[in-house]
Amino acid sequence: MKTLNLLAMTGLILSGGTLNAQLADGLNGSSYNGLWGLDRQPASLSLSKNKLEVNLVQFFADVDNSYLRLQGNGSFQLFGFDRRLTADTEGSAMAGSLSQDRSVTGQVRFMGPSVGFRIGKKNMLAVTTGARAAFSGTELDGMMRFFGVDTISFSQNEARQLDELRFRSAALAWSEVGLNYGRRIDLGLRARLHAGISAKYTMGAAGMYARSGAATLSALTDSTMRVEHIDVEYGTSDIDALTDLSGASDLMQGSGYGIDLGFVFEWDRPATWSEDSVRAARNKYLVRLGVSVTDIGWINFKNGSTHRIANGAVDLDELNTLEYVDQQQAQADLSSMTLGDANASRTANTLRMQLPTMVHASLDVNPWGCLYLNMSASLGIDQGLAGVLAPSSASVTARVETRHFELGVPLSFHQFRGMRLGLALRAGPLMIGSDKLGGLFGLTDVGGMDVYVGLKVNIGKR
């Protein structure tokens, strides 16, 4: 009998492939978001109640998944301590098409010094700076199904298809400078259209993607095992350059462009006084309907490369000898081992990564006074292997909104399932919140965590 450590094998295939291997819902729809709302709705500039906004800092981090969870027991357990890690295997299959619902996703957003200002009564312009990172791992059904399986046993001349090794992943880190414009278009005394567009210059720090099919593992003898039918695609930027940084310019391994576009239709409740145009424009709205698309664009990494290993084969003992000297040498060694030629796997000497494009829709209702109800949905668009797949989500948020104070309670659904409870607060210039407080404090299972904070100075009223 020959025993193979499955986790070690997974690591070998993944490292051989790469060798370096959601959005805040708490204050959704707020009229005071302005700059903070640009990540989801470019028209938030036009909706802003401020004449001038100066963002000092905004930070958002989120990690989520749909197949592993820390199981809660209804008692207070901060950060998931003393919980049991479980895997959701319901509905998973070892054959057939893989599901993008089985995923691990994460993102970090940082908005640096940014300013937005009104030009007249109907226009607002903003210049923004920021840095972002995102990753996704999808089609994890096989790996998830065998979570916790440590070994696989073989007899001589026996073979097994390793569906556990099928996966798809991508990661991207970049900084950006944006020019943003919002305009209000009056359609009547009670109706308005707000439009917004953002154009961004992107500077890539690192990017990668990888996809692995189900290889076959054969026990040729009691001491020799062979991996066959290897089907791997991967691309990487120059990761080695990040290990020897001499300045900020070394983080600019690539460049590209991005664009966001959004519209919000606004309908006022009937005016309680004479409906002249000035007073009607000041009247509180009854409903807002919004649509937008964000992060249409790409980043080209000039020193990157893409590779494809099709129907490759290698003895497991030989694969174990693979050592990392530098990125190019490791790629050549892997190609030589599996295809017999150091250059056979290389398909391009550049890497082009797509930004994590999303489509958003929202309904915001103001039934009375300072009480609001927002319903939003965001859909991640699959742009192929060389793109991070942003997680789809939906949320329902009740909030209290005034100029200097705001409180929101969101119920969100990652991948349109698995309800999470959150809480967000804005007090003067400070904003803080989380969309996953239930998991954080042990009220629900923990499938992910997030936090967002911000500091922004608002000056004047429009």
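Going from the sequence shown to this note's numbering is simple: count from 1 and add 101. Using N, Cα and C, we set each Cβ at its ideal position, and we do this for glycine too.
Do residue i and residue j have their C-beta atoms closer together than 9 Å?
i       : j       : result
Leu-472 : Ala-449 : no
Ile-410 : Asp-351 : no
Gln-142 : Leu-148 : yes
Leu-146 : Tyr-282 : yes
Ala-274 : Tyr-310 : no
Leu-464 : Ser-477 : yes
Met-454 : Ala-431 : no
Gln-216 : Glu-277 : Contrary to the premise, residue 216 reads as Val rather than Gln in this sequence. No, these two residues do not count as a Cβ contact at 9 Å.
Arg-233 : Phe-160 : no
Alpha carbon to alpha carbon, how far is residue j from residue i? Give it in angstroms, no decimals.
i       : j       : result
Arg-504 : Leu-266 : 52 Å
Ala-320 : Ala-342 : 40 Å
Gly-555 : Glu-419 : 51 Å
Gln-262 : Gly-314 : 10 Å
Tyr-553 : Gly-523 : 11 Å
Thr-344 : Phe-236 : 20 Å
Asn-475 : Val-205 : 27 Å
Asn-444 : Lys-403 : 18 Å
Met-572 : Tyr-335 : Shown here, the chain extends from 102 to 563; a query on residue 572 therefore has no answer.
Gly-405 : Asp-427 : 14 Å
Gly-297 : Gln-208 : 24 Å
Confirm the yes/no value for this check: CB of residue i, any heavy atom of the ligand ATP, distance under 8 Å.
i       : result
Leu-139 : Here there are no bound small molecules, and the ligand ATP is not part of this structure.
Restricting to Cα atoms, I'd like to know which of the options is closest to residue i.
i       : options                               : result
Leu-288 : Pro-457, Trp-368, Ala-234 and Ser-276 : Trp-368
Phe-218 : Val-205, Asp-264, Leu-280 and Arg-269 : Leu-280
Lys-150 : Ala-162, Asp-140, Glu-277 and Gly-130 : Gly-130
Arg-518 : Ser-493, Trp-399, Arg-293 and Gly-305 : Ser-493
Ile-560 : Ala-306, Ala-296, Phe-268 and Tyr-133 : Tyr-133
Ala-307 : Ala-316, Gly-355 and Ala-292          : Gly-355
Ser-299 : Thr-239, Tyr-335 and Phe-364          : Phe-364
Gly-305 : Gly-529, Ser-446 and Ser-338          : Ser-338
Val-497 : Phe-506, Ala-491, Val-489 and Val-510 : Val-510
Arg-370 : Pro-468, Ala-462 and Ala-495          : Pro-468
Glu-502 : Gly-470, Gln-484 and Val-489          : Gly-470
Gln-516 : Val-392, Lys-537 and Ala-491          : Ala-491
Does DSSP put residue i in a helix, in a strand, or in coil?
i       : result
Leu-440 : helix
Asp-165 : strand
Ile-482 : coil
Ala-289 : Sequence check: residue 289 is Gly here, not Ala. Looking at Gly-289 - three-state DSSP - the assignment turns out to be coil, as it is neither helix nor strand.
Asp-418 : helix
Asp-332 : strand
Gln-429 : helix
Gly-314 : coil
Asp-361 : strand
Phe-180 : With a pLDDT of only 46 at Phe-180, under 50, the local geometry of the prediction cannot be trusted, and no value is derived from it.
Asp-434 : helix
Thr-230 : strand
Gly-565 : Because the chain in this structure spans residues 102 to 563, residue 565 falls outside the shown range and cannot be described.
Applying the criterion that 16 or more other CB atoms from any shown protein chain within 10 Å of the CB defines a buried residue, is residue i buried or exposed?
i       : result
Gly-181 : Note on Gly-181: pLDDT 45, under 50, position unreliable in the model; no value is reported.
Ile-340 : buried
Glu-259 : exposed
Gly-192 : Summary for Gly-192: the model assigns pLDDT 46, below 50, so the residue's position carries little reliability, and this model does not support an answer.
Tyr-425 : exposed
Asp-126 : buried
Asp-163 : buried
Leu-531 : exposed
Lys-557 : buried
Phe-506 : exposed
Asn-166 : buried
Asn-156 : buried
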